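**Q** Structure in structure tokens, see below.
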Amino acid sequence: MKRKLKLFSAAINFVRLEHDKPELVNPLQQLELASGEPRVRWISRVQARVLIASASVHATRLHLANFLRLALYTGCRKSELLKLDWSRVDFDRRCFRLDAVHTRSARQRLVPLNKLALLALRDQQAEADEHSPSSPWVFASESGTHVTTLQRASKRRALVAVSKISVFTTWHTFASWLVMDGVSLYIVRDLLDHSSITVAERYAHLSAKRGAPPFSVSSL
């Protein structure tokens, strides 16, 4: 029974953290069954480069590596990236647009692109021009439809590498890097499309840190 209660408590914490629901109360925490707030897992920039390099070398197509680069350098969710079309990408203004229908919060936002994110989109544009030139989607299959899974782009070694982190890890990594670089939590909240500053505050403790938690890259 205690194991089942722990799993239920973990599920509640997962919803609170990953689905931006700080108002959701976990009644099981007072029973001291869970360890408290879910752990924020992030990787260092060096670890990210190793991960991207592995995806570039071992994936069947480059869009796996480009997806990881965009996820890490924009903080966008998986669906926001995989459903992105070229009509909403503005290379001149260095951003792309997410309309209300594309975001979980149902709010439109502009996603700024730093140099590395912009380069990833340029690389993906070349990839799309070669494999799916008539498709409107940034991450398109050879048939022209938008990619719905990243596994088909991966050979076994690339899958092993990517499976060590989740899309939520890239999301947390983006936020953690910003906080460690001195970016305001209010800006982090807006970039991650959080509904309140409370959720973004889980990254506050990183403002004085410059290291990284243990993360094995020996098999990448």
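If you read the sequence shown in full-length UniProt numbering, its first letter stands for residue 1, the second for the next number, and so on.
Glycine residues also receive a C-beta, built at the ideal position from the N, C-alpha and C atoms.
Treat the numbers as computed from the prediction; the structure is a model and nothing was measured.
Starting from L110, follow its DSSP beta bridges and name the residues at the other end.
**A** For this step, residue 110 is matched to residue 110 along the sequence shown. In DSSP, L110 forms a bridge with R97.
**Q** With a threshold of 16 other CB atoms inside 10 Å of the CB of L178, please say whether the residue is buried or exposed.
**A** Walking along the sequence shown from the start, residue 178 turns up at place 178. Per the 10 Å Cβ criterion, buried.
**Q** Quick check on V183: does DSSP put it in helix, strand or coil?
**A** Residue 183 sits at position 183 when you count from the first residue of the sequence shown. Coil, per DSSP.
**Q** Return helix, strand or coil for D193, following the three-state DSSP convention.
**A** By 1-based counting over the sequence shown, the position of residue 193 is 193. Reduced to three states, the DSSP call for D193 is coil.
**Q** Could you tell me which residues DSSP puts in a beta bridge with A140?
**A** Start at 1 with the first residue of the sequence shown, and residue 140 comes out as number 140. Answer is H146.
**Q** Compute the distance between the beta-carbons of Y186 and A120, then report whether it is under 8 Å.
**A** By one-based count along the sequence shown, residue 186 stands at place 186. By one-based count along the sequence shown, residue 120 stands at place 120. Taking 8 Å as the Cβ cut-off, Y186 and A120 do not qualify as a contacting pair.
**Q** Within 8 Å, do at least three Cβ pairs link the segment 49-56 to the segment 80-100?
**A** no
**Q** Could you give the distance in angstroms between the alpha-carbon of L82 and the alpha-carbon of S56?
**A** For the purposes of this step, residue 82 is taken as residue 82 along the sequence shown, with counting starting at 1. For the purposes of this step, residue 56 is taken as residue 56 along the sequence shown, with counting starting at 1. In a straight line, the C-alpha of L82 is about 18 Å away from that of S56.
**Q** Helix, strand or coil for D129 per DSSP?
**A** Indexing the sequence shown from 1 puts residue 129 at position 129. Looking at D129 - three-state DSSP - the assignment turns out to be helix.
**Q** Ignore the nearest five residues each way along the sequence and tell me which others in D123's own chain have a CB closer than 7 Å to its CB.
**A** Your numbering for residue 123 matches position 123 in the sequence shown. Within the same chain, D123 has close Cβ partners L62 and N66.
**Q** Which residues mark the beginning and the end of the alpha helix (DSSP H) in which K78 is found?
**A** Residue 78 sits at position 78 when you count from the first residue of the sequence shown. Here the alpha helix (DSSP H) through K78 covers K78 to L82.
**Q** Looking only at C-alpha atoms, which of S184, R69, S135 and D181 sits nearest to A117?
**A** Along the sequence shown, read from residue 1 onward, the residue named residue 117 stands at position 117. Considering only alpha carbons, the answer is R69.
**Q** Identify every residue that forms a DSSP beta bridge with V50.
**A** Taking the first residue of the sequence shown as 1, we reach residue 50 at position 50. Beta-bridge pairing links V50 to no other residue.
**Q** According to the neighbour-count rule (16 or more other Cβ atoms, all chains shown, within 10 Å of its Cβ), is R210 buried or exposed?
**A** In the sequence shown, counting from the first residue as 1, residue 210 sits at position 210. For R210, the predicted structure reports a pLDDT of 47, less than 50, and the residue's modelled location is therefore unreliable. The matter cannot be settled from this model.
**Q** Helix, strand or coil: how does DSSP classify residue 221 here?
**A** Past the boundaries of the shown model lies residue 221; the chain is included only from 1 to 220, so the question cannot be answered.
**Q** Taking the alpha-carbon positions, what's the D129 to N114 distance?
**A** As a working mapping, residue 129 is identified with position 129 in the sequence shown. As a working mapping, residue 114 is identified with position 114 in the sequence shown. So the two alpha carbons sit approximately 22 Å from each other.
**Q** If you draw a straight line from the C-alpha of D85 to the C-alpha of S134, how long is it?
**A** Numbered from its first residue, the sequence shown carries residue 85 at position 85. Numbered from its first residue, the sequence shown carries residue 134 at position 134. Distance between the alpha carbons of D85 and S134: 12 Å.
**Q** Report the option in A59, H102 and R97 whose CA atom is closest to the CA atom of K78.
**A** Your numbering for residue 78 matches position 78 in the sequence shown. Comparing Cα-Cα distances from K78 to each of A59, H102 and R97, the minimum goes to H102.
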